[in-house]
Amino acid sequence: MRQYIDEASRVTTNKGIDMADLDVGDLAPQFDLPRDGGGSLSLASLLGKPVVLYFYPQDDTTGCTTEAIGFSQLRPEFEKLGAMVIGLSPDSVRKHDKFKSKHDLTVDLVADEERKVIEAYHLWVEKQLYGRRYMGVERATFLIGSDGRIARIWRNVRVKGHAEAVLEAVRAL
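Counting in UniProt numbering, the final residue of the sequence shown is number 173, and the numbers go up one at a time with none missing.
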């Protein structure tokens, strides 16, 4: 039975979750995506260092902004540990650039406008808000070890304290 750790650090089974979901120990799906400021960023280019890959629904919304600021504030601590933090959403590079500038963000942001990476990580999911059902990005974070394997997964992330919890997990690698 597959397990994942949600934001409250409870071990949760995959009841109701597609068995094709990624699990700790799996190779992280590769990507090469356009990044903020121009150019591209690939997971393969980061092999040999830990990577924090956090998925978020949309630039400049309350929860997503709080999460990005949290990771930005802790970026120096992640860097001391040799880890890189990457935020990924379906927003465009142009939106990412505005988002970073508006909030003085320092984390790297990549654009997955076609949602191919989001889907590869099984995070394009049905959501519900005020009784309305729609498809969207599940807020989740993957800690990828220097070997390219998934070391830890946080699903359905609660933003408050999340960046700190991820930093502690990187320290424990």
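Backbone N, C-alpha and C define an ideal beta-carbon position, used for all residues, glycine too.
For residue 94, the enclosing alpha helix (DSSP H) stretches over residues 93-103. DSSP places residue 63 within a helical segment (H, G or I) once states are collapsed to three.
With respect to the 8 angstroms criterion, residue 172 and residue 157 are not classified as neighbours on the basis of their beta carbons. Contact check for residue 78 against residue 143 fails: the beta carbons are separated by 8 angstroms or more. Secondary structure at residue 75: helix, using DSSP grouped into helix, strand and coil. As computed with DSSP, residue 54 is found in a beta bridge with 87 and 141.
Shown here, residue 160 sits in coil according to DSSP, grouped into three states, outside any helix or strand.
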